[in-house]
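Chains as they are written, first to last, in our numbering: chain Z, 1 to 339; chain P, 340 to 969.
Glycine included, every Cβ here is placed at the ideal spot set by N, Cα and C.
Single-structure report; data block below.
In structure tokens form, the structure reads like this:
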């Protein structure tokens, strides 16, 4: 009996210490990173509850184990066996039923919390998200804006309608807690209500190929004034882009080209566009070509045709058979300006 | 050296190469006649590599002689029931043998080789992760047709699948060696099928490793399409390797089930079987019935690539999410295939070192079956964020959380077994204790992933990586080491060195705790799974450095183990008797075990774990005319 009392007290102490320890390093009540959405609040609450139960169960197993190891260890020169205890049906039923109850409670709480996370605000506005290897593109259908950055107003629910043109990606912002895969051939939905101002990053969470690690785009959450100013600025940029170069620059964002091809010479997954036009280069099959309209058009339609030096075969780039001749001409016009 | 080149292994590998060239050549020839391209980036075209790979596995089997007896039977030639092994020493293990003990050790040795290779891959990419930014796996390097990040993805993906295959071989090793001994059987029910199940895993491992040299693949071990439908030709070798390895698992499981059903000693009723046998049965039931699904799902992608069948291609009306259902229908139960034998080892060894009966034997036995059965209805918890029908998430949350109940029964019963025991802690017991605590960490970090809303945050982060390394180390790696230290004297007549064993344990265990705890911690902060590099702004560089150091310490501890393993065969302390003072039948006869196991059959006259009960034994050897079994 005495053993049980000591172990009981130790289990309680250990549970409290474990929980406090985990909380101190940001794994319980005060989660890292700081919650940044209304949906995160409900998730963090459930997480905290889970950590409490985990701390208790961890102690419930580890404390009697360590206690047994210390107190019931074999003494020197003792070669006899221990007491012959085969089992105890009441205990077994107890530790089957008790976890069953806990499990059902947690499943209920989990379903409830999922409901909170998915709660629909009828006022929510829509942003279309286009994912492709290795970029995110955001379209604001109300304003006709296309951007590589996601700008959102504070405390307003947004519905991201997400599509992928190649492989599966996953939209995850650690501060928002919620994650949703983006699957080719269907539209998946992501509802979020940002509650924290600042700069965040969406990080692709589903392995999507060579540069998966780099598939991160910036997110800015600001107050209404900042958001409206940004929208106005983007509309102005789009309106100004009436020249072929301007349209080409927009198309480069819209089709995700900028994810792999830099405009300033910095190395990304694909060849930089800076100083590209007119260059002579020896492609992978050994022939020497000049980067002109014909070559760029061919490379867009069939990236494997002539692979630029230093890049892998087969090409990482998907073919773009659906681009119109005009769109390609605009892109070429834009590339020509990059010197 | 000559002995090596004339071995079944060398002959098999030689014929595998011939088969590869023959198959690939055949396809290339047909393509040439049809006017199609005959060469590609990796010399042969993709269809040529696939057919060549498949034929290479068949050639290996025929060339190594595994199928010789069957071929003779088909031709109407009789062969003796038992082949007497004329090989001695190390040659036994690279030649064909029908003895379950030799096959068990063969499995274990290949498992150790693959753990070495998989571990080496892990060290390479863990080193790259020690600091943010790409250090040596950069975009500029070029190896096997891959740049740095591609190579990272290949190594990371192969680490996963090679370790999985090594685990499957490792559990087969323990089960093959131990189960017939525990049952009092002379061998497995189908000795030739048993040899076949082992040998087919060798060409499978070769095919898997070939993927590294054929452009690799960048999908992780899960091989989700559409990504896997566009990966380099290495992807096909990976699919083929897994497909062939699956045969090993399925046929091995069939053999175990028949052996346990038909070949138990007299008096060994279901509730008097050693507890490890229950675990072997539970794990074999899953392996026999679920493995087909991973083979098929990979085969579908293979056909999508080769023949343009758009199973998972949305442009052709296919559905990428369907693949995930098929894949996880095996791959979730598979983790129970990995851990159930390990949990069985814990339950088997604990009473020996505690000197007390196993607490609640029936409950532990039934919990293994319970885990196996519930394991079949939880697969979609891997898909909470996948875009499958939303309402499916809630029932799968309930079913998944239910797994906690039988698992909890095991933990509580183990603690109750230890309570008031007389506990000693030689090396095997240390690993049993380590296994319990590590598996507890894995078990407790599970429910937050099972609960949908918290999983929305945790899914595909490093938290998951930490969680499953805990479950696999607790459920397989620690018990595997415990089993090796424990049964080593039975196999060799010598003990492994205790000091080195303890050094192995005390180096590996704390390092492993640091490693997985930091994995979970950084995952919560924002570290994703399967990335070659991470954002320095996350502020987790220091944790990654610690994880890398911990990884190297684990590697050093395993090298110490390997040294101990091989040196002790010649130089270990002699241990021919009942070294652990166990009640189990295999320890009642001298070590090492003779070729056809027990010279006299035994019958079961008591309970397996009645430690502390005066004058009781589990088995009694019968001396009768019946014992002349040949």
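Alpha helix (DSSP H) containing residue i: first to last residue?
i: residue 816 (chain P); result: Note, residue 816 (chain P): premise wrong, no alpha helix (DSSP H); not H, not E.
i: residue 787 (chain P); result: 786-789
i: residue 738 (chain P); result: 732-741
i: residue 126 (chain Z); result: Unbroken run through residue 126 (chain Z) is the beta strand (DSSP E), 125-132; no alpha helix (DSSP H).
i: residue 727 (chain P); result: Run containing residue 727 (chain P): none; DSSP gives neither H nor E here.
i: residue 11 (chain Z); result: 2-24
i: residue 644 (chain P); result: 614-646
i: residue 297 (chain Z); result: 293-301
i: residue 808 (chain P); result: 801-811
Any C-beta of chain P sitting closer than 8 Å to the C-beta of residue i?
i: residue 299 (chain Z); result: no
i: residue 312 (chain Z); result: yes
i: residue 69 (chain Z); result: yes
i: residue 265 (chain Z); result: no
i: residue 90 (chain Z); result: no
i: residue 330 (chain Z); result: no
i: residue 282 (chain Z); result: no
i: residue 151 (chain Z); result: no
i: residue 54 (chain Z); result: yes
i: residue 11 (chain Z); result: no
i: residue 111 (chain Z); result: yes
i: residue 82 (chain Z); result: yes
i: residue 100 (chain Z); result: yes
i: residue 64 (chain Z); result: yes
i: residue 180 (chain Z); result: yes
When you compare only the Cα positions, how much space is there between residue i and residue j?
i: residue 769 (chain P); j: residue 841 (chain P); result: 8 Å
i: residue 926 (chain P); j: residue 955 (chain P); result: 16 Å
i: residue 446 (chain P); j: residue 509 (chain P); result: 6 Å
i: residue 511 (chain P); j: residue 598 (chain P); result: 14 Å
i: residue 904 (chain P); j: residue 813 (chain P); result: 21 Å
i: residue 209 (chain Z); j: residue 612 (chain P); result: 49 Å
i: residue 382 (chain P); j: residue 391 (chain P); result: 13 Å
i: residue 572 (chain P); j: residue 730 (chain P); result: 38 Å
Per DSSP, residue i forms a beta bridge with which residues?
i: residue 46 (chain Z); result: In the DSSP output, where bridge partners are listed per residue, residue 46 (chain Z) has none listed.
i: residue 150 (chain Z); result: Z:219
i: residue 181 (chain Z); result: Z:170
i: residue 136 (chain Z); result: Z:131
i: residue 190 (chain Z); result: Z:160
i: residue 202 (chain Z); result: Z:217
i: residue 336 (chain Z); result: Note: residue 336 (chain Z) sits in no beta bridge, so no partner.
i: residue 382 (chain P); result: P:379
i: residue 960 (chain P); result: P:941
Could you tell me whether the Cβ of residue i comes closer than 8 Å to any Cβ of chain Z?
i: residue 788 (chain P); result: no
i: residue 737 (chain P); result: yes
i: residue 867 (chain P); result: yes
i: residue 643 (chain P); result: no
i: residue 478 (chain P); result: yes
i: residue 498 (chain P); result: no
i: residue 849 (chain P); result: no
Check the Cβ of residue i against every Cβ in chain P and list those closer than 7 Å, keeping chain order.
i: residue 103 (chain Z); result: 740, 741, 743 and 744
i: residue 58 (chain Z); result: 779 and 783
i: residue 33 (chain Z); result: 864 and 865
i: residue 167 (chain Z); result: 565 and 566
i: residue 186 (chain Z); result: 726
Which chain Z residues sit within Cβ distance under 7 Å of residue i?
i: residue 883 (chain P); result: Correct list: empty, because the minimum Cβ distance to chain Z is about 13 Å.
i: residue 751 (chain P); result: 95
What residues of chain Z sit near residue i, judged by a beta carbon separation below 8 Å?
i: residue 732 (chain P); result: 114
i: residue 860 (chain P); result: 25 and 27
Which residues of chain P have a Cβ atom closer than 9 Å to the Cβ of residue i, listed in chain order?
i: residue 87 (chain Z); result: 696, 697, 698, 699, 700, 701, 702, 752 and 755
i: residue 225 (chain Z); result: The premise fails here: residue 225 (chain Z) is roughly 27 Å from chain P at the closest Cβ pair, so nothing lies under 9 Å.
Can you list the residues of chain Z that residue i reaches, using a CB-CB cut of under 9 Å?
i: residue 914 (chain P); result: Within 9 Å Cβ-Cβ: nothing; residue 914 (chain P) doesn't reach chain Z, min ~17 Å.
What first and last residue would you give for the beta strand (DSSP E) that runs through residue i?
i: residue 281 (chain Z); result: 280-282
i: residue 942 (chain P); result: 941-943
i: residue 290 (chain Z); result: 288-290
Can you pull the chain P residues whose beta carbon is under 8 Å from the beta carbon of residue i, in chain order?
i: residue 42 (chain Z); result: 792
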